[in-house]
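Trainee: Using mature numbering (1 follows the signal peptide of the UniProt record, and there is no 0), the letters of the sequence shown correspond one by one to residues -20 to -1, 1 to 528.
Using N, Cα and C, we set each Cβ at its ideal position, and we do this for glycine too.
Owing to the predicted nature of the structure, the values given are computational and were not obtained by experimental measurement.
Input: one structure, supplied below.
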Amino acid sequence: MKKGIVTLALTAIACYGATAQTVLEGSITANTSLNANTCYLLRGCVQVESGATLTIPAGTKILGEKATRGTLIIKRGAKIAANGIASNPIVFTSNQPAGSRAPGDWGGIVIAGYATNNQPGDTFKIEGPCEPIYAGGTNDADNSGVMRFVQLHYAGIPHPTLPDNELNSLTMAAVGNGTVIENIQVTYANDDAYEWFGGAVNCKNLIAYNTKDDDFDTDFGYHGKVQFAFAYRRDPNQHDISGSNGIESDNDATGSANGPKTHPIFSNVTLLGPLYANATAHAEFRRGMHIRRNSEQNVYNSVIVGWPLEGLYVDGATTIANTGTNLLNSSYNTYYNNAGGTIGSTAWSGSCAAATSAAVWLNVGATGTSCLESGNSLLASAPGYSGTLTSAVCPAKPSFTLTTNNLGAPTYTGVSDLADAFFVKTGNFRGAFGTTDWTLNWTNWCPNATSYCNLGAAAAKAAAPALQLVPNPTNGTTYAVFEAAKAGKVRLVITDKVTGMILRSVTADVQAGEQRVAFNAAGLSVGVYFVRVEMADGTVTAGQLSVN
């Protein structure tokens, strides 16, 4: 495999006639520091190997290459040191020019650790189209590094052939609580914004904006803590056939009793569904919280507003049984305008004797005894968030401070789940925001209108020359036919469509004008491959080659 950062750190290309960019490609096997004054192109599956640390300074811009599904993977034993600051965040986004970006333009970030999970042998393969990446172990204190003040825009891709096998914008797989994850903004995720597969990592100040699938997804025995998380479904067209929820939680795919159980503790979450800003919602938008498959998800001091179905849905006999043993809790939460009702469930049985139905268990407006919940409330009027959230958030920046606090008071004392020092207990508000807007300065609510690395100037330039591959399909010699704007060297590269791995590379000297560069596809397995030509003037053209 290529040692991409070692061999290609000095290789620069220009995308769409934009500023030269350094390509990140292949494997990073030694400690490597990026430069905030350089633009980086994330090409294919870039893997930081065990023992190596990738340091990304504040202000660095990394553009995921659409043609190769650019993805950054931090393997077990590796670290990421992405230390942005509020005035100078780190940005991961699409390499497409401003105005042309879309969900799924690139893969996202995957962090794999050695923490505990409930999969056989404590180890599992991570979802997604990159080569097999494994996570899991026995060390909940494992440290995969730091991500702080980081934006992730337009990430998340499906596997080309396997259903339910996707990359999320930020995937945390068996990540330990020695890792720092805080002040992260995900916009326009093509699958989940955040998904935790096992592990014990704790996270603070998370944003999910216009996610396609679930904003926050917990699975495989995740048992960490999350405080101050905000999800907003402003775009009525961003929804998924699998059902789009604010929080979705499973113990595992079959709802087994394998341990450690999925038992995260969330506090101060705001989940604004599509009905918060829109009069109607597509049927694929579902619930504020969908707890299922024997999960023990816990949510406190939160606000759930504007979902087409229930604010909270407890799904399945084993999940309901967890309410009876105080392993699944939902207390001191505020609900408003959830069209399907505040709470729903499958056939209710197996909870404690006092909880004769889901509504009785949620115990709105009362203090619970036995397994009944406490402090939940229904709003009589809209929550006191700024009107800037329902007006156009782009180009105007929304304000997230409460204009009036009608959400009810939070409770931290007397709740054993919240006794941990991780939880900030000073705010007098439910949900993610009070009188302080922690999104200021480091977030971007107009990621499709922002020009990075002069990509915006490229929109006014002619499109890159078209690439023809003749013959196509082939199992032998093929010609790449294209126009070269100037004389010089060109590089033709064949990559695996799934992993992004470089399989063949040809360099040729050309003159300006139409070119026919021969390359040999013999020996490649039957399938579809990406072919790209890197021109002497920095432009790149790409196509697909079928091998029969």
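(1) Please classify T33: does DSSP put it in a helix, a strand, or coil?
(2) Return helix, strand or coil for S236, following the three-state DSSP convention.
(3) Do G324 and P288 have their C-beta atoms closer together than 8 Å?
(4) Can you name the start and end residues of the beta strand (DSSP E) that W176 belongs to?
(5) Roughly how many whole angstroms lie between the Cα atoms of F177 and L147?
(6) Report, in whole angstroms, the separation of the C-beta atoms of N98 and R128, which I expect to be a contact under 8 Å.
(7) Mind checking V26: buried by the 16 CB within 10 Å criterion, or exposed?
(8) DSSP beta-bridge partners for E5?
(9) Looking at I474 and V511, is the spacing between their C-beta atoms short of 8 Å?
(10) Within the same chain, show all residues whose beta-carbon is closer than 7 Å to that of F409, passing over the 5 residues directly before and after it, in chain order.
(11) Go through its chain and collect everything with a Cβ distance to A47's Cβ below 7 Å, but skip five positions before and after it.
(12) Going by alpha carbons, who is nearest to C183 out of F462, T458, T416, F402?
(13) To the nearest angstrom, how far is it from the Cα of N428 to the Cα of G79?
(14) Tell me which same chain residues have a C-beta within less than 8 Å of the C-beta of G156, skipping the five on either side of it?
(15) Would you decide whether D496 is buried or exposed? Buried here means 16 or more other CB atoms lie within 10 Å of its CB.
(16) With a threshold of 16 other CB atoms inside 10 Å of the CB of K241, please say whether the residue is buried or exposed.
(17) P434 to P77, Cα distance in whole Å?
(18) Could you tell me how far apart the beta carbons of G367 and I284 are, in whole angstroms, since I believe they sit closer than 8 Å?
(19) What residue range is occupied by the uninterrupted alpha helix (DSSP H) comprising N302?
(20) What are the boundary residues of the beta strand (DSSP E) that A211 is part of?
(21) Could you give the uninterrupted runs of the alpha helix (DSSP H) lying entirely in the segment 333 to 412, keeping only those of 4 residues or more?
(22) In three-state terms, what does DSSP make of D489?
(23) May I have the straight-line CA-CA distance separating P69 from T2, to the nearest angstrom?
Mentor: Inspection of the coordinates gives the following:
(1) In the structure shown, T33 sits in a strand (DSSP, three-state: E or B).
(2) Under the three-state reduction of DSSP, S236 is assigned to coil, being neither helix nor strand.
(3) Result no, Cβ atoms of G324 and P288 do not sit closer than 8 Å.
(4) Start and end: 174 to 177.
(5) Roughly 12 Å separates the two Cα atoms.
(6) Incorrect: roughly 29 Å between the Cβ atoms, too far for contact.
(7) Counting of Cβ neighbours within 10 angstroms places V26 among the buried residues, the total reaching 16 or more.
(8) Its beta-bridge partners are R23.
(9) Yes, the Cβ-Cβ distance between V511 and I474 is below 8 Å.
(10) Annotation for F409: L382, N385, L387, P390 place their beta carbon closer than 7 Å to its own, counting only its chain and skipping 5 residues before and after.
(11) Counting only Cβ-Cβ distances below 7 Å, and skipping sequence neighbours, we find F510, R512, A522.
(12) Taking only the C-alpha atoms, the option nearest C183 is F402.
(13) Near 5 Å, if we compare the C-alpha coordinates of G79 and N428.
(14) Excluding sequence neighbours, G156 sits near G93, Y94, A95, N119, D120, A121, D122, N123, S124, G179, A180, V181.
(15) The sequence given here places Arg at residue 496; Asp does not occur at that position. Counting Cβ neighbours within 10 Å, R496 comes out exposed, since fewer than 16 surround it.
(16) Around the beta carbon of K241, 16 or more other beta carbons sit within 10 angstroms, so the residue counts as buried.
(17) Looking at the sequence shown, residue 434 is not Pro but Asn. A direct Cα-to-Cα measurement between N434 and P77 gives close to 9 Å.
(18) No, G367 and I284 are not in contact; Cβ-Cβ is about 20 Å, not under 8 Å.
(19) Judged by DSSP secondary structure, N302 falls within the alpha helix (DSSP H) whose first and last residues are 297 to 304.
(20) In this chain, the beta strand (DSSP E) harbouring A211 covers 205 to 212.
(21) If we require 4 residues or more, the alpha helix (DSSP H) runs fully inside the segment 333 to 412 come out as 338 to 342.
(22) Three-state DSSP puts D489 in a strand.
(23) Each residue's alpha carbon lies about 19 Å from the other.
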